[in-house]
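2 protein chains.
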Amino acid sequence: MEERTTIKALAKASGVSVGTVSRALNGYTDVRPETRERIMRLARELDYTPAAAARSLVTQRSHIIGVFMETGEGHPDLQHPFFHEVLGGLKQQVGSGGFDLLLFASERPGNGYGPHSYLKRARHHSVDGCALIGLEPDDPEVRRLARADIPLVAIDMDLDGPAVEVVMSDNEGGAAQAVGHLHALGHRRIATITGMLDSRPGADRLRGYRAAVQAAGLAYRDDYVVYGDFYAESGREACERLLALAEPPTAIFAASDLMAIGAIRAAAEVGLRVPEDLSIIGFDDIQLSPHVNPPLTTMRQDKLGLGGAAGEALIARVAGDADRSPLRTLPVELIVRGSTAPPA
Amino acid sequence: MEERTTIKALAKASGVSVGTVSRALNGYTDVRPETRERIMRLARELDYTPAAAARSLVTQRSHIIGVFMETGEGHPDLQHPFFHEVLGGLKQQVGSGGFDLLLFASERPGNGYGPHSYLKRARHHSVDGCALIGLEPDDPEVRRLARADIPLVAIDMDLDGPAVEVVMSDNEGGAAQAVGHLHALGHRRIATITGMLDSRPGADRLRGYRAAVQAAGLAYRDDYVVYGDFYAESGREACERLLALAEPPTAIFAASDLMAIGAIRAAAEVGLRVPEDLSIIGFDDIQLSPHVNPPLTTMRQDKLGLGGAAGEALIARVAGDADRSPLRTLPVELIVRGSTAPPA
DNA sequence: TTGTATGCGTTATCAT
DNA sequence: ATGATAACGCATACAA
């Protein structure tokens with residue numbers, strides 16, 4: 001039973017008061033150098049570690065960023081690889097700023113009474129700010145959280161509130177660029193497999209597709225727009241439908257890499273070769289994309305950058321910087337690999 | 001500036017003392033029913049949320065499980081998809097037990113003095129327990145943490161200490177089963193691409209391979225054992241080397257799906273078809289495995305189950321249950337898909 | 001330069 | 001059944 005060293009014990013050992021110890025440790029100037037040194041030395045020897053709880057109680061700062069992370073219906077959370085990479089960037093950024101991440105898991109905070117509530121969970125742990133990943137912006141509880149005065153950053157979702165900032169990729173521009181790539185290769189029959197359209201990225205990528213198709217002077221065909229849900233299986237089904245068309249497309253823009261990979265498989269199953277018979281471009285550039293067969297051409301999202309931007313925004317707002325643009329859009333990049341080629 | 005409702009404000013509103021409020025909320029029996037109801041109602045109206053910091057200060061329980069998660073050298077953390085799925089299972093399990101997860105990000109906890117230290121970070125936040133994912137068991141700081149009396153669960157790594165429990169898959173048995181599957185299909189020239197051998201799973205899977213090869217009466221050939229690091233690129237390179245052999249294998253057991261996928265690609269690049277010309281089996285069953293081309297035959301690890309078992313262990317030990325087996329091994333399952341077939 | 005005292009929001013131990 | 005009151009570990013305003 002090793003007792004935790006408290007500031008009181010450290011004070012006794014140093015022969016000074018707890019107040020002095022606190023000031024010495026926190027870098028106040030009005031402490032005699034030799035006193036400080038003695039205290040610091042003893043702190044090291046006794047392996048003193050301040051209690052975050054006690055400190056946050058008095059300073060009203062927890063140095064903790066909360067994370068609400070879920071993905072849609074039917075998909076247990078933490079599933080989409082995209083979110084994890086974003087989380088990695090967030091972790092790195094807030095870590096360098098001296099913050100840790102609290103991944104909310106329990107739905108019954110505190111005394112366990114009352115309904116499920118994001119705001120309550122955030123308040124309970126006195127987080128200094130929160131990152132919102134994969135939440136439903138229309139959820140009343142999300143809106144309630146957004147109305148509070150706690151710094152918030154929403155990733156890939158629309159949200160507004162007194163202290164919320166939104167971070168997302170240039171989904172519309174990226175989608176247009178993807179279609180442009182296909183068009184430049186010579187494709188004229190270009191279809192798309194959409195993501196969930198009630199999500200901002202899903203809607204934006206479809207919008208980008210539309211804009212690019214029209215800009216290219218191609219006819220916009222309803223049957224070239226098939227709905228998916230960002231996951232692989234939906235990409236496969238959508239591609240099957242597309243290939244069954246009387247006049248099937250020669251190229252497909254899938255709104256996610258996962259769906260693109262599903263589409264490649266669907267093509268293989270009917271004996272079509274990618275990219276010789278069918279070009280497929282994805283969106284995300286997940287880690288596996290360079291390694292699938294064929295290597296996937298895709299629009300790369302700067303996932304670490306997204307998380308980093310979120311962390312940066314949070315840190316700035318926690319520090320009191322309130323005049324910040326409520327929206328930060330990160331550029332995407334065309335990565336040409338082996339799944340696209342000129343039409344046969 | 002909405003003021004946070006404190007227990008004091010709630011007491012004043014209810015016309016009772018804070019002590020009574022606390023007892024009412026915490027379900028003590030010695031509170032008059034009508035008093036309790038009034039308090040509960042007001043708590044709801046004022047949207048009262050207890051402060052975790054204050055509570056943990058007095059109860060010595062934070063209801064927080066810390067998570068140290070990193071992956072090896074050169075690979076920025078949070079990269080391997082396997083770990084994320086484990087994290088998902090952990091999150092779910094501890095959440096249902098009323099705990100939240102603290103993802104350690106900052107390397108300078110507290111006053112920022114002193115060296116990097118896992119133990120210090122854990123103590124600083126008074127976590128009730130910790131999950132260790134992807135750490136180096138030989139790291140002196142890890143050992144120091146393990147010696148402490150705080151409940152620990154190590155995932156996929158060897159570690160011992162007064163309160164540490166280890167959770168991992170049956171890597172050795174699974175590897176043997178994978179090789180057995182290949183052998184049963186008729187393969188006799190079976191090679192392996194290993195993971196990092198300084199990791200417990202990497203070493204165990206190689207051991208399982210060896211055991212199965214010998215059990216099958218096949219000759220153990222050094223040139224059929226190529227070293228990888230679990231990631232895709234290493235699988236690709238290893239497979240290239242294998243295929244360049246004078247007598248190349250007809251089947252490969254890759255110690256991870258990522259490497260198996262890299263291997264498939266290497267085969268494709270030299271014009272070999274999988275599984276017709278070369279069978280490949282992986283290990284993990286990551287989310288993409290069913291969707292790659294061809295769908296990957298693999299040994300499925302119960303990733304959610306791993307995380308869940310870790311969470312369960314942590315919760316039990318935090319509750320004081322100390323007589324628990326220090327090791328929990330979860331079974332793996334052969335998933336036959338399209339990347340293995342009888343030799344030509 | 002240092003010590004003392006107060007308070008942060010709770011729970012827990014006494015009384016009553 | 002309820003109310004004071006003392007912790008919990010720390011930071012800080014005020015004295016000295």
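For the record, the sequence lines run as chains A and B. Per the UniProt record's numbering, the first sequence runs over residues 1 to 344. Per the UniProt record's numbering, the second sequence runs over residues 1 to 344. The beta-carbon is built from N, C-alpha and C at its ideal position, and this holds for glycine as well. In this text the structure is predicted, and so the values were computed from the model without any measurement.
Segment limits, alpha helix (DSSP H) that includes residue i
i, result
"Y209/A", "R200 to A215"
"E107/B", "Note, E107/B: premise wrong, no alpha helix (DSSP H); not H, not E."
"I315/B", "K303 to V318"
"R36/B", "P33 to E45"
"A53/A", "A52 to T59"
"V16/B", "V16/B -> no alpha helix (DSSP H), and no H or E assigned at all."
"E237/A", "A232 to L243"
"E85/B", "P81 to S96"
"G66/A", "Looking at the DSSP string, G66/A is not in any alpha helix (DSSP H); the run it does join, the beta strand (DSSP E), is I64 to M69."
"L258/B", "D257 to E269"
Where residue i falls, given that 16 or more other Cβ within 10 Å makes a residue buried
i, result
"H63/A", "buried"
"P162/B", "exposed"
"A184/A", "exposed"
"residue 359/B", "No answer is possible for residue 359/B: it lies beyond the span of chain B, which begins at 1 and ends at 344."
"H116/A", "exposed"
"D321/B", "exposed"
"E37/A", "exposed"
"E73/B", "Residue confidence is low: E73/B scores 46 on pLDDT, short of 50, so the model does not pin down where it sits. Its coordinate-derived value is still stated next. Label assigned to E73/B: exposed."
"A319/B", "exposed"
"R123/A", "buried"
"D229/A", "buried"
"T250/B", "buried"
"P201/B", "buried"
"G307/B", "buried"
"R317/A", "buried"
"A215/B", "exposed"
"T194/B", "buried"
"R4/B", "exposed"
"N171/A", "buried"
"residue 345/B", "Given a span of 1 to 344 for chain B in the structure shown, any question on residue 345/B remains unanswerable."
"T59/A", "exposed"
Beta strand (DSSP E) segment containing residue i, residue limits
i, result
"F253/B", "A251 to A254"
"A191/B", "I190 to T194"
"S279/B", "S279 to D284"
"V226/A", "V225 to Y227"
"E276/A", "Run containing E276/A: none; DSSP gives neither H nor E here."
"R328/B", "L327 to L330"
"R221/B", "It is not in any beta strand (DSSP E) - R221/B carries neither H nor E in the DSSP assignment."
"E333/B", "E333 to I335"
"A300/A", "First, the amino acid is wrong: residue 300/A is Arg here, not Ala. From DSSP, the beta strand (DSSP E) with R300/A extends over T297 to R300."
Cutoff 7 angstroms; reference residue i; Cβ partners in own chain excluding five residues on either side
i, result
"D223/A", "L245"
"A344/A", "E276 and D277"
"F82/A", "D284, I286 and K303"
"V94/B", "I65, L101, G311, L314 and I315"
"residue 350/A", "Here chain A covers residues 1 to 344 and nothing more, so residue 350/A does not appear."
"V31/B", "T20, R23 and A24"
"V127/A", "S62, I64, I65, G66 and L102"
"I150/A", "A122, G129, C130 and A163"
"E136/A", "V142"
Same chain, Cβ closer than 6 angstroms to residue i, neighbours up to 5 away in sequence not counted
i, result
"E141/A", "S117 and Y118"
"L272/A", "L278"
Contacting residues, own chain, Cβ-Cβ under 8 angstroms from residue i (five flanking each side not counted)
i, result
"P294/B", "I264, V274, P275, R337, G338 and S339"
"R144/A", "S117, Y118 and L119"
Exercise. Assess, as a yes-or-no matter, whether the stretch 273-293 of chain B is touched by the stretch 96-105 of chain B under the definition of 3 or more beta carbon pairs within less than 8 angstroms.
Key: no
Quiz item: Can you list, in chain order, the stretches of the alpha helix (DSSP H) that have 4 or more residues and sit fully within the stretch 125-181 of chain B?
Solution: 140-147
Quiz item: Does the pairing of the stretch 311-329 of chain A with the stretch 280-293 of chain B give three or more beta-carbon distances under 8 angstroms?
Solution: no
Practice problem: Count the CB pairs spanning the stretch 142-157 of chain B and the stretch 181-192 of chain B that are closer than 8 angstroms, and state whether there are at least three. | Solution: no
Self-check item: the stretch 318-329 of chain A contacting the stretch 176-183 of chain A, beta-carbon criterion three pairs below 8 angstroms
Solution: Result no; under three Cβ-Cβ pairs closer than 8 angstroms.
Exercise. Pair every Cβ in the stretch 9-20 of chain B with every Cβ in the stretch 202-210 of chain A, then say whether three or more of these pairs are closer than 8 angstroms.
Key: no
Quiz item: Does the stretch 84-92 of chain A touch the stretch 299-308 of chain A, meaning 3 or more C-beta pairs lie closer than 8 angstroms?
Solution: yes
Quiz item: Should the stretch 230-239 of chain B be called in touch with the stretch 258-267 of chain A, which here means at least 3 C-beta pairs below 8 angstroms?
Solution: no
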